[in-house]
Amino acid sequence: MAEKVLMKGNEALAEAAVRVGCRFYAGYPITPQTEIIEYLSWRMPEVGGTVYQAESELSGINMIIGAAAAGGRVLTTSSGPGFSLYQEGISLLAAYDFPAIIIDVMRVGSGPGDIRQGQGDYWQITRGGGNGDYRTFVLAPNSVQESVDLIKHGYEIAEKWRCPVIIASDATIGQTMEPVVLPEFEEHDPKKHDSWRVRGNPTLEGKDQHLLANVFMAMDWVDNGSYFEYYLDKCKKMEEAEQMWESYMVEDADIVLVAYGCSSRIARETVELAREEGLKLGLIRPITLWPFPNKAFEEAKAAKAFCTVEINILGQMVDDVRLAIHDRVPVDTVGDFWGVPDPDRIIAKAKELLGL
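Residue numbers (our numbering): 72 to 427.
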């Protein structure tokens, strides 16, 4: 029988990772995600796993590259400026085609920022904050339960496509306590990745020897392949196959809100309040921030405008909405810096877009 418990979001994420076979964590404490490493520091050894509190985020991300190379299910977590230090390592994971999960418990502000919730990392996590040509798969839960569910899905995606996966949590979800059904225990066998994982070979001979190398170098310089075609095709297939979203009252909506994470919870409440006033609002909640759920917008045939609801100043998701709808109607944003915009502000913006 499924086990249902009351847990804080960060701790539920940690427990879920253990239950789906993660046995290596490396990272560095930073608010508001420190509970993850605190929880794993005692929980991981109970199942034979390893936790390293690295001397810095740079060390942490590079440690998980080594563990991922061996085919293990690996995890690292950070927030704010710590997550920015991960970018070179995430770029390297992409260059190696290694699966890994990186959790960003987003907080507010540029530079050191502040420990409150924020959604100012959208451009960084969906465009890739590191150097080169790559995409990271990004999952955005809006509850403790969905955080748990997306851990398992994240590992499956990472291994299916051999790519880093970012889970975009935030301080609100990470610090909230909610009832959650935890997954059943499962063990991960690194040997199922024998076709690519790095394994020791004392003689350095034989076809079973795998080397740690950038995929583009191995393909283009050694195997005379085409990394250009390989990676472009991979990204196109991911975009087509893996879009995830939730729609709410979209089909007849005059204004469709677009929100993810903790903002989507207020946005859904706003839709219900607006409907009571006779104002037809709907909501599209992206669950994958990349690939962005363009297919979701095909349902919004009646929409006269779209409006993102975000905890940032610049409306970082607006461009993706414009691309999804091919700029056929206006797209605006309601944003805030220190918290989620309240329903009254969102409804006022919707009325403004309708000329009311």
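Glycine included, each C-beta is placed from N, C-alpha and C at the ideal position. Being a predicted model, the structure only gives us computed values, none of them experimental.
Just curious, the alpha helix (DSSP H) that residue i is in, first and last residue?
i	result
Leu425	Note, Leu425: premise wrong, no alpha helix (DSSP H); not H, not E.
Arg90	Gly80 to Arg90
Val389	Val389 to Ala395
Pro261	No alpha helix (DSSP H) holds Pro261; DSSP gives it neither H nor E.
Thr105	Thr105 to Glu117
Answer yes or no: do residue i and residue j have a C-beta to C-beta separation smaller than 9 angstroms?
i	j	result
Tyr226	Gly137	no
Gly386	Thr359	no
Phe95	Leu129	no
Lys315	Leu425	Note that residue 315 is Met in the sequence shown here, rather than Lys. Taking 9 angstroms as the Cβ cut-off, Met315 and Leu425 do not qualify as a contacting pair.
Val445	Tyr301	The requested residue 445 does not occur in the structure, where the chain is confined to residues 72 to 427.
Ile174	Leu84	yes
Leu253	Lys75	yes
Val176	Pro103	yes
Ala171	Ala88	no
Glu317	Ile355	yes
Met309	Pro362	yes
Ile337	Asp413	yes
Ile107	Asn81	yes
Below 8 angstroms on the Cβ atoms is my contact criterion, and I expect residue i with residue j to pass it. Report the Cβ-Cβ distance as a whole number of Å.
i	j	result
Ala139	Thr207	Not really, about 14 angstroms apart at Cβ, beyond 8 angstroms.
Gly406	Glu381	5 angstroms
Val251	Met78	5 angstroms
Tyr99	Ala141	In fact, because the Cβ distance is near 22 angstroms, the residues do not count as touching under 8 angstroms.
Asp241	Cys333	5 angstroms
Ala371	Ala330	Actually they are not in contact, since the Cβ atoms of Ala371 and Ala330 sit about 14 angstroms apart, beyond 8 angstroms.
Gly120	Ser162	Rounded, the Cβ-Cβ distance is 26 angstroms, inconsistent with contact.
Thr341	Ile418	6 angstroms
If you follow the beta strand (DSSP E) that residue i is part of, which residue opens it and which one closes it?
i	result
Glu249	Met248 to Leu253
Thr379	Ala376 to Glu381
Ala97	Phe95 to Gly98
Ile238	Pro235 to Asp241
Thr404	Val402 to Gly406
Gln124	Thr121 to Gln124
Worksheet item: What runs of the alpha helix (DSSP H), each 4 residues or longer, lie entirely inside the stretch 303-364?
Response: 332-347
Worksheet item: Taking the runs of the beta strand (DSSP E) that are 3 residues or longer, which of them lie wholly in the stretch 195-232?
Response: 208-210
Fill in: Touching by the beta-carbon criterion (3+ pairs, under 8 angstroms), the stretch 192-200 and the stretch 147-159
yes
Worksheet item: If you pair each beta-carbon of the stretch 211-222 with each one of the stretch 246-254, do three or more pairs fall below 8 angstroms?
Response: yes
Worksheet item: Which ranges would you report for the beta strand (DSSP E) in the stretch 132-188 if only whole runs of at least 3 residues count?
Response: 145-149, 171-179 and 185-188
Worksheet item: Using 8 angstroms as the threshold, is the stretch 180-194 in touch with the stretch 250-268, meaning 3 or more CB pairs across them?
Response: no
Worksheet item: Between the stretch 408-425 and the stretch 370-379, are three or more C-beta pairs nearer than 8 angstroms?
Response: yes
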